[in-house]
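Sequential numbering of the sequence shown, starting at 1, is according to UniProt numbering. Positions of the beta carbon are idealized from the N, C-alpha and C atoms, including for glycine. None of these values were measured; they are calculated from a predicted model.
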Amino acid sequence: MKHETLAPPSGRIRSVVVVDDHPLYSDALSAALNLAFPGCHVATAQTLSGALALLDEGADPDLVMFDLKLPDVTGISGFEALRARIPGTPILVISSLTSQPVVSALMEAGAAGFLPKDASAATLKSVLFDVSAGRKSLPKEYRGASPDSSGASGRTRLADLTPQQSRIMKLICAGKPNKQIAYELDLAEATVKAHITALLRRLGVQNRTQAAVMVEAAQSEAAAGDPDARAFLSS
């Protein structure tokens, strides 16, 4: 990453957590963040568990920059675990996993933006400007992708839910309220709400009723031998 001078973004970012297991890249991001947000405190973690530990210790970041490939987790599940923990904090994903379906799934799941690891300082500047102003942001080559750009049908999206999301979805279909779901899965109710928000986005539906209808359709397709529907129902 080239260290060009960055014009200050429009929002006020006082604290950032960078989650990346490559120290040189983390150092480069930290330097760029301090140019963008003078006086900003940057904390780093090399694993998802390390990031969660920082939160346990009282870290309250205005922004998190999160790599999808970490020693203890790879893929969107790590992002979703972090978002469930801090649902109100923007998370900017930085990754070498740059396929359009991955980026689309991340944005559906609530990412504040996406930044490929080979992005230029100018691209970083643009993305930070948008995210600090409360806008979602993607480099121009990723814009215009719809949630269905990967061609995923409803049953395929159901099969792509994380194990925890699948468990919650089945309890939703059983008519359980959030409080009961939290009790049965030994989770905080706020965590359940964050998981439900993420799974509704991933399924491309607006509410629990629409999600339940999708599951009913999957049950019919599973009976007809559809492998994606069976994958969800057997999870």
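Any idea which residues DSSP pairs I13 with across the strands?
Paired residues: none, contrary to the question.
Selection from L35, A36, A59 and F37 that minimises the alpha carbon distance to T44
A59
Let me know the alpha helix (DSSP H) ranges lying completely inside the UniProt domain "HTH luxR-type" (154–219), each 4 residues or longer, listed in chain order.
154–159, 163–173, 178–185 and 189–203
For the pair the region 209–216 and the region 93–111, tell me if three or more CB-CB distances fall below 8 Å.
no
Can C40 and L29 be called in contact, C-beta distance under 8 Å?
no
Taking the C-alpha atoms as reference points, what is the distance between T47 and S96?
16 Å
L68 (DSSP reduced to helix, strand or coil)
coil
Here's the rule I'm using: 16 or more other beta-carbon atoms within 10 Å means buried, otherwise exposed. How should P61 be labelled?
buried
Could you please give me the residues that DSSP links to H41 through a beta bridge?
S15
If you drop the 5 nearest sequence neighbours on each side, which residues of the same chain put their C-beta closer than 7 Å to that of T74?
L68
Hey, could you find the ends of the beta strand (DSSP E) S76 is sitting in?
Sequence check: residue 76 is Ile here, not Ser. Taken as a continuous stretch (DSSP letters only), I76 belongs to no beta strand (DSSP E), being part of the alpha helix (DSSP H) at I76 to R85.
Hey, how far is the Cα of L124 from the Cα of Q180?
43 Å
Can you give the Cα-Cα distance for L138 and P87, rounded to whole angstroms?
20 Å
Go ahead and label V16 buried or exposed: buried means 16 or more other beta carbons lie within 10 angstroms of its beta carbon, across all protein chains shown.
buried
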